[in-house]
């Protein structure tokens, strides 16, 4: 299979490219500064699309950092513009790819408390929900070309390194990794391993529409913090008041740390996908390469 990946240098993109190549697929990246195995964004044309069986679009500005007006504009425009470019080329192609996997995020649902959110639930409110709605809508022209459109809505992807988990590990080791505000908000997480496996599953199966990519076992933020503390053998009891998070991190802190999103990966489960990293403690030990204590706790 020939696969075109936009956003292939990121955490998910680089990992899925490696996994595809390891099983014998051919992978081409899309880059602003293309190397010998990449194409430039300016090269994304209807004619180019005839060379690929599938496209995976993960491109977009990082949401980390204080959300100034300019930062929010970059977050939105980078997603919508890249998706529009790809979708327009597919829709106008004489022999388009069979599948477009178009990234989205759990932010689509907004802050929903304890509500269990399957793919049939409507969108929520707030900046991230608005971004995800426009992001997904930008991909819709591909359906007119007969291309199967899949939109994985990613939860918090856990991987060893400088990403979300790396920052959480750091604050936990500094003994400041306790509950954020009430700690009752739901964090829907998924290991990088299961994220990549889910993407390949969506590529290989006739699944269309939005798909929640998150473990069937989300945790409240307080339980997440205490579990990570137990794995790292550090106490995780020092709370951070909600007003302090909002004051220091602004809107970004509110949406990423305090909003409650409890995903149900209904489509993946109904289609027979099996998660390898379903439970948080075991997943964290595996990701961080920390063996179980001798007593098994």
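Residue numbers (our numbering): 375 to 671.
Built from N, CA and C at the ideal position, the CB exists for glycine as well.
Asked, Found
"7 Å Cβ shell around residue 603 - same chain, five flanking residues per side excluded", "546, 551, 609, 610"
"Residue 532: first and last residue of the uninterrupted beta strand (DSSP E) it sits in", "530 to 532"
"Where the beta strand (DSSP E) containing residue 583 begins and where it ends", "583 to 587"
"Rounded separation between residue 569 and residue 540 - CA only", "17 Å"
"Among 450, 466, 471, 524, the one whose alpha carbon lies nearest that of residue 504", "450"
"Neighbour-count burial assignment, residue 636, 16 or more Cβ in a 10 Å radius", "buried"
"Euclidean distance between Cα positions of residue 380 and residue 434", "9 Å"
"Nonlocal neighbours in the same chain, by C-beta distance under 7 Å from residue 669, ignoring five residues either side", "Confidence in residue 669 is poor, its pLDDT being 47 and thus under 50, which makes the residue's placement unreliable; the coordinate value appears in the next sentence. Excluding residues within five positions, none has a Cβ falling inside 7 Å."
"Nearest-angstrom beta carbon gap, residue 377 and residue 399 [assumed within contact, 8 Å]", "6 Å"
"Touch test, the stretch 459 to 467 against the stretch 490 to 507, Cβ-Cβ under 8 Å, three pairs minimum", "no"
"Member of 601, 514, 411 whose CA lies at the smallest distance from the CA of residue 458", "514"
"Unbroken stretches of the beta strand (DSSP E), 3 residues or longer, contained in the stretch 456 to 523", "473 to 476"
"Touching by the beta-carbon criterion (3+ pairs, under 8 Å), the stretch 641 to 651 and the stretch 573 to 581", "yes"
"Distance between residue 424 and residue 517 (C-alpha atoms, nearest Å)", "16 Å"
"Pairwise C-alpha distance: residue 605 and residue 664", "8 Å"
"For residue 412, the residue or residues it bridges with in DSSP", "403"
"Counted within 10 angstroms of its Cβ, other Cβ atoms place residue 483 as buried (16 or more) or exposed", "buried"
"Test item: CB-CB of residue 591 and residue 653 under 8 Å", "yes"
"Buried versus exposed, by CB contacts within 10 Å (16 or more), residue 439", "exposed"
"Boundaries (first-last residue) of the beta strand (DSSP E) holding residue 562", "Neither: residue 562 is in no beta strand (DSSP E) and is coded neither H nor E."
"Burial state of residue 511 (16 or more Cβ within 10 Å)", "exposed"
"Simplified DSSP state of residue 604, which is helix, strand or coil", "helix"
"Among 572, 421, 395, 403, nearest to residue 531 - alpha-carbon criterion", "572"
"Cut-off 7 Å between Cβ atoms - residues of its own chain near residue 389, not counting five sequence neighbours on either side", "566, 570"
"Proximal residues to residue 634 (C-beta, below 8 Å), its chain only, five neighbours per side dropped", "485, 486, 487, 488, 558, 559, 560"
"Supposed close pair residue 588, residue 564 - CB separation, criterion 8 Å", "5 Å"
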